[in-house]
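Heads up: the structure comes next, in structure tokens.
There are 2 protein chains.
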Amino acid sequence: MRRALLDAAAHEFARRGIDGASVDDVAAAAGFTKGAVYSHFGSKDGLVDALVEDRTTAYLEAGLTAVDGLEGALDVRARALGDRLSAVGTEQGDWHLLFFELWQRAVRAAEPGGVLGRQRDALRAAVADAISEHAESAGATLPLPAADLALVVMALTNGLAVERLVGPDDVAPDLMGRVLALLVQQPGDASRS
Amino acid sequence: MRRALLDAAAHEFARRGIDGASVDDVAAAAGFTKGAVYSHFGSKDGLVDALVEDRTTAYLEAGLTAVDGLEGALDVRARALGDRLSAVGTEQGDWHLLFFELWQRAVRAAEPGGVLGRQRDALRAAVADAISEHAESAGATLPLPAADLALVVMALTNGLAVERLVGPDDVAPDLMGRVLALLVQQPGDASRS
DNA sequence: AGTATGCGATACCGAGCGGTATCCTGTGAC
DNA sequence: GTCACAGGATACCGCTCGGTATCGCATACT
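Protein chains in written order, with our numbering: chain A, 16 to 208; chain B, 16 to 208.
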């Protein structure tokens, strides 16, 4: 089953590294043998490519969901967004481990227009749009261009995930929310938690 | 020469991955053969360990330098710090590639108290101290505990490095500084660039 | 029932790697 | 000048892994 192989690959690759996990390992984790993998994906690289496609799509959707349906003042929305992103990041420790590995591959391959790059651009644009709309509907002015803020949100998500994987207890669950709230706080607005 | 081998290892490991670069490759890049590596470090893991020690020490010192000798109002210092960190991050693209690989190893090994973890704690504590002192000497109140701010600085540095390696032009050079300035901005302080 | 199709298992190959054992050579002590 | 030694080169081993060729078997179609 293609689905089972992709899930097993995501898990094994995250745990042991893409180079560290053999095709045999992945197949065995899914209850199959190598033959199944080569029958479906042709090569190990083919499996990795399919995995990139699969997981980045899911990641993009998760990101879109996170910025959707926020209500209230802008800093309240920012806090809620931070909490959502933290929750997702905390429960899916494997994802970031895998993500950084795929990202490394993409950087080293240096082939512009890779799947990862495209999905990143899409996510960034979508988040930037959402931020703009949220700011407008909340009647607030953004302290930075929406595109820059989107980048900061992504960078913080990734950066805090790094720290969380080293020391899960070192990162307060509400840190992301508080930081984002500070970033969109209006000048002269003295509201502090 | 031990130094040459470490430098070559840093470069080769960053470019091709720790698993992707063979001991032969590293030695050749330094103008030697395998024998030199095994004579100095005993094993590939020994080389990696020595490299972790070497580079994290340098990184820690770079971090300490960055938070040192800042002057002026708190947000001015924050901006200057951001610019320094951006400059360092931009010119040393290789380091972050290597850092994430070493970080992955540490997370997967899951041996608490690794060198990387200790250096991270030290850096975080030092940055937190520096932030506290800067806040005090500038007569400002911090919107978040210094330890949390230190974590945010580190997370942003790493997160923006990720983005910069994917698309160098997507990250404005002054973004880090502006974000940090926003974070320490005093309520009621309407100064905006 | 017979047959075709395709997924997955099995056995095998070649290459590259980490590691080791041994040899070579330049350098310093006396 | 001789000797000892350490840093490094060379040759080699064994193992693991990606990849391939082939086979077996279940399902579906006629």
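Using N, Cα and C, we set each Cβ at its ideal position, and we do this for glycine too.
Q.
Closer than 8 Å between beta carbons: that is the criterion. Which residues of the stretch 165-189 of chain A meet it against chain B?
A. Leu166, Val167, Met169, Ala170, Leu171, Thr172, Asn173, Gly174, Leu175, Val177, Glu178, Leu180, Val181, Gly182, Asp185, Val186 and Ala187
Q. Using 8 Å as the threshold, is the stretch 171-179 of chain A in touch with the stretch 167-176 of chain B, meaning 3 or more CB pairs across them?
A. yes
Q) What number of angstroms, rounded off, separates the C-alpha of Asp60 of chain B from the C-alpha of Leu113 of chain A? A) Rounded to the nearest angstrom, the two C-alpha atoms are 22 Å apart.
Q | Distance, Ala25 of chain B Cα to Phe47 of chain B Cα | A | Cα to Cα, the separation comes out at about 15 Å.
Q.
Could you tell me the alpha carbon to alpha carbon distance between Lys49 of chain A and Gly32 of chain A, rounded to whole angstroms?
A. Rounded to the nearest whole angstrom, the CA to CA distance from Lys49 of chain A to Gly32 of chain A is 18 Å.
Q) For Thr156 of chain A, which residues from the same chain have a beta carbon less than 8 Å from its beta carbon, with the 5 sequence-adjacent residues on both sides left out? A) The residues are Ala150 and Gln201.
(Q) When you compare the CB of Val130 of chain A with every CB in chain B, is at least one pair closer than 8 Å? (A) no
Q.
Rounding to the nearest angstrom, what Cα-Cα distance links Asp144 of chain A and Leu138 of chain A in this structure?
A. For Asp144 of chain A and Leu138 of chain A, the distance between alpha carbons rounds to 10 Å.
Q: Just mark Ser58 of chain B as buried or exposed, buried being the case when its beta carbon has 16 or more other beta carbons within 10 Å.
A: The residue is exposed, with fewer than 16 neighbouring Cβ atoms inside 10 Å.
**Q.** Partners in chain B for Glu116 of chain A, counting only beta-carbon separations shorter than 8 Å
**A.** Near Glu116 of chain A (Cβ distances below 8 Å), the residues of chain B are Gln119.
Q) Taking just the CA atoms, how far does Ala196 of chain A sit from Arg207 of chain A? A) Confidence at Arg207 of chain A is low in this model, with a pLDDT of 46, below 50, so its placement is unreliable and the value that follows should be read with caution. Taking the straight line joining both Cα atoms gives about 10 Å.
**Q.** Nearest-angstrom Cβ-Cβ length linking Gly192 of chain A and Asp98 of chain A, presumed shorter than 8 Å
**A.** Right, their Cβ atoms sit about 5 Å apart.
Q. When burial is assigned at 16 or more other CB atoms within 10 Å of the CB, is Arg17 of chain B buried or exposed?
A. exposed
Q) DSSP on Met16 of chain A, reduced to helix/strand/coil? A) coil
Q) Among residues of its own chain, excluding the 5 on either side of Leu89 of chain B, which ones have a beta-carbon nearer than 7 Å to its beta-carbon? A) His149, Ala150, Ala153, Ala155 and Val199
Q. What are the uninterrupted segments assigned as alpha helix (DSSP H) that are 4 or more residues long and contained completely in the stretch 134-186 of chain A, given in chain order?
A. If you keep only unbroken alpha helix (DSSP H) runs of at least 4 residues inside the stretch 134-186 of chain A, you get 161-181.
(Q) Can you give me the C-alpha to C-alpha distance between Glu106 of chain B and Pro183 of chain B, rounded to a whole angstrom? (A) A straight line joining the alpha-carbon of Glu106 of chain B with that of Pro183 of chain B spans about 11 Å.
Q. Who are the near neighbours of Thr71 of chain A in its chain, counting only those whose CB is closer than 7 Å to its CB and skipping five residues on each side?
A. Contacts found: Val130, Leu131 and Gln134.
**Q.** Burial state of Ala102 of chain B (16 or more Cβ within 10 Å)
**A.** exposed
Q) Does the beta carbon of Met16 of chain A come closer than 8 Å to any beta carbon on chain B? A) no
(Q) For Asp34 of chain A and Ala141 of chain B, what's the separation of their Cα atoms in angstroms? (A) Across the structure, Asp34 of chain A and Ala141 of chain B are spaced so that their CA atoms are roughly 36 Å apart.
**Q.** Per-residue contacts from Gly87 of chain B into chain A (C-beta, under 8 Å)
**A.** By Cβ distance, chain A contributes nothing, its closest Cβ being about 19 Å from Gly87 of chain B, past 8 Å.
(Q) Tell me the residue span of the alpha helix (DSSP H) that contains Glu126 of chain B. (A) First-last for Glu126 of chain B: undefined, no H or E at that position.
Q. Between the Cα of Val67 of chain A and the Cα atoms of A:Asp39, A:Ala44, A:His111 and A:Asp40, which residue gives the shortest distance?
A. A:His111
(Q) In this structure, how does DSSP classify Phe114 of chain A when only helix, strand and coil are distinguished? (A) Helix at Phe114 of chain A.
Q: Can you say whether Ala42 of chain B is buried or exposed, counting buried as having 16 or more other CB atoms within 10 angstroms of its CB?
A: By the 10 Å Cβ count, Ala42 of chain B comes out buried.
Q: Whole angstroms is fine: what's the gap from Gly104 of chain B's alpha carbon to Ser147 of chain A's?
A: 29 Å
**Q.** Cα-Cα separation between Leu75 of chain B and Arg120 of chain B, rounded to whole angstroms
**A.** 19 Å
Q: Using 7 Å as the cut-off, classify the Cβ of Gly78 of chain A as near or not near the heavy atoms of the ligand ZN, replying yes or no.
A: What this structure holds is no ligand at all, so the ligand ZN is not there to describe.
Q) Val38 of chain B touches chain A at which residues, Cβ-Cβ below 9 Å? A) In chain order: nothing, as chain A lies at least about 15 Å away.
Q.
Just verifying my parser: in three-state terms, what is the DSSP assignment at Ser58 of chain A?
A. coil
Q | Cβ separation of Ala44 of chain A and Glu27 of chain A, assumed to be a contact under 8 Å, to the nearest whole Å | A | Contact check for Ala44 of chain A and Glu27 of chain A: beta-carbon distance about 5 Å, within the 8 Å limit, so the pair qualifies.
Q) Looking only at its own chain, which residues have a Cβ that is under 7 Å from the Cβ of Asp185 of chain A, when we skip the five neighbours before and after it? A) Glu178
Q.
By the three-class DSSP mapping on this structure, what secondary structure does Gly35 of chain B have?
A. coil
Q. According to the neighbour-count rule (16 or more other Cβ atoms, all chains shown, within 10 Å of its Cβ), is Pro188 of chain A buried or exposed?
A. exposed
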